[in-house]
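Beneath this line is the structure, given in structure tokens, with notes to follow.
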Amino acid sequence: MAGNGPRYQFDPAALERNLSGFDDAARRAMVDDLLEELRERADAITAAAGAGDREALALEAYALRSCAAICGARTLIDLAESLGDKGGSRPGRPQELAKVARARVAETVRALELWRSGEMERKAEEEC
77 MAGNGPRYQF DPAALERNLS GFDDAARRAM VDDLLEELRE RADAITAAAG
127 AGDREALALE AYALRSCAAI CGARTLIDLA ESLGDKGGSR PGRPQELAKV
177 ARARVAETVR ALELWRSGEM ERKAEEEC
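Read the sequence shown against the numbering used here and you will find it ends at 204, with the numbers running on by one and no gaps.
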């Protein structure tokens, strides 16, 4: 995956492809929405796992996978697929996966925020 490493928990090229064709304001709004959606999915996954609601967990995992696909976050996609299998059959497994999901989402959100701030700086330099 391009950009894979401690700074990027997503694929900047994939995100760029998904945002191509939109003006800067729309791109910023879409990234802001993506960040918020990722946070909300992490919260919902934690709640579903805590409640033992495997069906809700599977639905939220699908939503997380969709968000992760937008930015090419392969780790989140793989994790969402594990959660989508209803968290496994072992007791406590959904809660463990939910904790991992929360941590991975937080890493991805931080990486996206860094990328977004770098993109804004680059755009400002190009305008000068």
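By construction, the Cβ of each residue, glycine as well, lies at the ideal position given by its N, Cα and C atoms. These numbers were taken from a predicted model, which means no experiment stands behind them.
{"Query": "Span of the alpha helix (DSSP H) holding S96?", "Result": "Where S96 is concerned, there is no enclosing alpha helix (DSSP H), given that its DSSP letter is neither H nor E."}
{"Query": "Look up Q51 in the DSSP assignment and say whether it is helix, strand or coil.", "Result": "Because the chain here runs from 77 to 204, residue 51 falls outside it and cannot be looked at."}
{"Query": "Could you check which residue in A144, D129, L91, F86 has the C-alpha nearest to that of L242?", "Result": "The chain is shown from 77 up to 204; residue 242 falls before or after that span and cannot be answered."}
{"Query": "Counting only the same chain and skipping the five closest in sequence on each side, list residues whose C-beta sits under 8 Å from that of I153.", "Result": "R141, A144, A145"}
{"Query": "Around the Cβ of S193, are there at least 16 other Cβ atoms within 10 angstroms (buried) or fewer (exposed)?", "Result": "exposed"}
{"Query": "By how many angstroms is the C-alpha of L95 removed from the C-alpha of D87?", "Result": "13 Å"}
{"Query": "Using the three-state DSSP reduction, which class does G194 fall into: helix, strand or coil?", "Result": "helix"}
{"Query": "Quick check: the Cα distance between A132 and A156, rounded to an integer number of angstroms?", "Result": "13 Å"}
{"Query": "Reducing DSSP to helix, strand and coil, say where G126 ends up.", "Result": "helix"}
{"Query": "Using the rule of at least 16 other Cβ atoms within 10 Å of the residue's Cβ for burial, across every protein chain shown, is G128 buried or exposed?", "Result": "exposed"}
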